[in-house]
Structures are given as C-alpha cells and as structure tokens.
Amino acid sequence: MNFLNKLVLRDRVVHFLALGLLGVVVILRIIKPEFDRVGVNSISDNGNSFRSSTNTTITTTNDNDRVEEKEVQRQEIIEEVNCDTISSIEPINIGQMNEPNTSYYVSFSWWDKRLSRPQFKNRKIGRSNGSVGKIHQLLLQMPTTDYAFIDVGANVGFMTHLALSLQHPVYAIDPISYNIAKICEGYQANVDKGWIIDNNNNNSSILHLFHAAAGPTYDANITITRPSDEIGKFDQSSLSRTFIKQKHVVNETIPLLTIDSIIPENTKVGVVKVDVQGHEYGVFQGMTKLLSRTKNPIKYIFYEDSFDTQGVSKKLLEEKFNYTCTREDINDIICFK
1024 MNFLNKLVLR
1034 DRVVHFLALG
1044 LLGVVVILRI
1054 IKPEFDRVGV
1064 NSISDNGNSF
1074 RSSTNTTITT
1084 TNDNDRVEEK
1094 EVQRQEIIEE
1104 VNCDTISSIE
1114 PINIGQMNEP
1124 NTSYYVSFSW
1134 WDKRLSRPQF
1144 KNRKIGRSNG
1154 SVGKIHQLLL
1164 QMPTTDYAFI
1174 DVGANVGFMT
1184 HLALSLQHPV
1194 YAIDPISYNI
1204 AKICEGYQAN
1214 VDKGWIIDNN
1224 NNNSSILHLF
1234 HAAAGPTYDA
1244 NITITRPSDE
1254 IGKFDQSSLS
1264 RTFIKQKHVV
1274 NETIPLLTID
1284 SIIPENTKVG
1294 VVKVDVQGHE
1304 YGVFQGMTKL
1314 LSRTKNPIKY
1324 IFYEDSFDTQ
1334 GVSKKLLEEK
1344 FNYTCTREDI
1354 NDIICFK
C-alpha cells in the first residue's frame, strides 16, 4: 500500500469514529430525560416531611378532560403545624364528645347543627356520628397504643381527638386553614382538661398536624376549592371544582404531599382514614410504601368511596396490596390484612 492510500484509509477510519461518537451522544441525550423521570424516594426525620427526587413529569386530567403535563420539582421541607402559632377563629364553640371508655373536646364549626341542641349549653354533645364510632371500634382492636392513626381529611378533628384521647399518635392532614385552627383549638382544650397528654416540651408530641392536601406526588402549590365563608360546610372541599355543589366558592393554595413522606419507617400504623371528596385513589397512590409493608402492615383502612363509581381504590388495595375490603354502608369501605 503506497503512502497516498494509507492517508485515505486513515481519513476514513477517523470519519467513522467521529460518526460513532456522535451517535452515542445523540442516544444519551434521548434516554437521559427518561432516567430523570424515574423513582422518587421519601424520607422522614423529626416529624418533617422531605422528598428527594429529580424533576418528575406526571400526567393529570383537569375538569374539562384536557390532559396536561406538569413538572414536579424537588420537594422542600413541609413543617408540621405548631398549634402555639395558630390564631383562633371566632366563634369558638368547644363541645364534649363521649364514646365508650373515653371523652374528648372538639372545637365545632360555626355551621354545625349540633350547636343548637340544648345540651351544648353544658358543652356536652354526646355520641359522635357513625363513622367516628367505627374508627373508635377499630382503634380499640389495636394491641398497644403505639399504633398510629392517620387522619387524611381531618376536618375539625373529631377522629383526630378521639384517637389522641386514647393515647394513639396521630398524623392529621387537612388543606383548609379554618379546619387547622379548629383542630388546634380542640387540641388545646383537651390538653388543658388532661384528656390528651402533651409532651411537646420533650419533642414527643403525639399530634403531627400538616396543613396540606395528600396525593400521589409532591407539589409545592396546588389549589383546593371550598364553599365560601358565608356558606361554611368546608368538609365538602375538594381538589376538583366539579365535586363542589355550592355556586359561591373560595380557592386556597396549599402544598400537596404524600403520606409515605411523613410517616417514619419505624412507625406502626393501626388505622388509616381517608375522606377527601373523590380523591381517595390519589392518596393511596402516594402511600404505596406503607401499603407494601410486610412487617407491621397497616391493620385497617377506612375510606369513603361515594365518588368512586368505578371502584378503582378498592381494586388497587385488593389486587396490588392484598387487602380484603368490605363495604360498611353506602359510603364507607373497610380494608384489612
């Protein structure tokens, strides 16, 4: 091979190597976003919620059935609510609830019909509604009081304060600022009465309260819709406007967290209650780590399914996480292992 042929051969080799290198770069640029979209790991430390992840793309469907792509950023710390810093909201109506083996106070919403009962003058309302009674029965089946109660959609805290009065640690989540104030008012009344033992001075409070909504992933700011102030009935708040019957509404902006991100791994969970006006399935999607536990699994899950016409939550719990689910009444389902 003469010198000229050697130069031509060398140039061809260099050309093919350059093309190969360019191809590798292109492939890496294509697949890198896919790696960036996988896996979100949650940890919890000292009661604060953390979520560590790369940017995650999730697909959502809005009320007009238009599919939108939204980038979910790295989660910041979601602090627990410190009731000492929460201002009370007038009027304050503290009422006493009585269940077998326990009594506790609740700060009632101003629109609650029970306020008109004669016995409220003595701050004694009597028994709670049927759902609270069912939660009470489930909590009484816990072998010890260190089994936590998770209250998703806590409202003003009927079930939260019941569990606290039984000395169970509680993780309560609610997105409405009015409800957070009422939970704190009721909590302080119970502590003053001695019905709840507050060890907050030792950083071991049994109430872990979060002003947020729960869902399948983290979002720093989402909008929840509730009836307007003059209407009340904030228990009918929802992430979807279509589930709100009232014409006059108010939007509140709060963070969206996952249940997995706020429950420490060593916490035993006895009962989970979910009542979030049609978004129960999203809550369960954000607690797959808890639902997958083989050691100390969640003993009972109590949720409302009146908006779940397709039964997707029940199917998820039974088929993917091996829970047995039974219908309690027209609205409520209990699942257990």
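Numbered continuously in this note's numbering, the sequence shown closes out at residue 1360.
Even for Gly, the Cβ is constructed at its ideal location relative to N, Cα and C.
Remark: C-beta atoms of Asp-1331 and Asp-1355 do not approach each other more closely than 9 Å.
Taking 9 Å as the cut-off, the beta carbon of Phe-1325 is found no closer than this to the beta carbon of Leu-1187. For Leu-1185, DSSP assigns no beta-bridge partner whatsoever. Boundaries of the alpha helix (DSSP H) around Leu-1163: 1153-1163.
His-1191 and Phe-1172 have their alpha carbons spaced roughly 7 Å apart.
Asp-1252 sits in coil when the DSSP states are folded into three classes, being neither helix nor strand. Under DSSP, Val-1129 shares a beta bridge with Gly-1118. Judged by DSSP in its simplified three-state form, Arg-1137 adopts helix.
Annotation for Cys-1106: no beta strand (DSSP E) segment contains it, and DSSP assigns it neither H nor E. If you draw a straight line from the Cα of Ala-1236 to the Cα of Gly-1209, it is about 21 Å long.
In the DSSP annotation of this structure, the continuous segment of the beta strand (DSSP E) that includes Tyr-1323 starts and ends at 1323-1327.
DSSP places Phe-1307 inside the alpha helix (DSSP H), whose first and last residues are 1303-1308. In chain order, Glu-1122, Leu-1185 place their CB closer than 7 Å to the CB of His-1159, counting only its own chain and leaving out the 5 sequence neighbours on each side. In the DSSP assignment, Lys-1270 falls outside any beta strand (DSSP E), carrying neither H nor E. In this structure, the straight-line span from the alpha carbon of Asn-1289 to that of His-1271 is close to 44 Å.
With respect to the 9 Å criterion, Leu-1230 and Asp-1221 are classified as neighbours on the basis of their beta carbons. Each of Pro-1166, Thr-1347, Gly-1176, Pro-1239 was checked against the Cα of Val-1299, and the nearest Cα belongs to Gly-1176. Taking each of Thr-1349, Thr-1347, Tyr-1201 in turn and checking the Cα distance to Asp-1258, the smallest one comes out for Tyr-1201.
Leu-1339 and Ser-1139 have their C-alpha atoms roughly 42 Å apart. Rounded to whole angstroms, Lys-1216 and Lys-1322 show a C-alpha spacing of 31 Å. Residues Asp-1331, Val-1335, Ser-1336, Leu-1339 of the same chain have their beta carbon placed closer than 8 Å to that of Tyr-1304, with the five preceding and five following residues left out of the count. Ile-1112 and Gly-1118 have their C-alpha atoms spaced approximately 16 Å apart. Where Ala-1195 is concerned, the enclosing beta strand (DSSP E) starts and stops at 1193-1197.
Here the alpha carbons of Asp-1197 and Val-1292 stand approximately 19 Å from one another.
Exclusion of the five residues before and after Val-1129 leaves Gly-1118, Met-1120, Val-1179, Gly-1180, Phe-1181, His-1184, Gly-1209 as the residues of its chain whose Cβ lies within less than 7 Å of its Cβ.
DSSP, reduced to helix, strand and coil, places Gly-1180 outside both helices and strands of the structure shown, so it counts as coil. Where Ala-1204 is concerned, the enclosing alpha helix (DSSP H) starts and stops at 1200-1216.
Straight-line measurement puts the Cα of Glu-1341 at about 7 Å from the Cα of Cys-1348. Around the beta carbon of Ser-1228, a 10 Å sphere encloses 16 or more other beta carbons of the protein chains shown; the residue is thus reported as buried. Per the C-alpha coordinates, the member of Tyr-1241, Lys-1136, Gly-1238, Lys-1360 positioned closest to Lys-1318 is Lys-1360.
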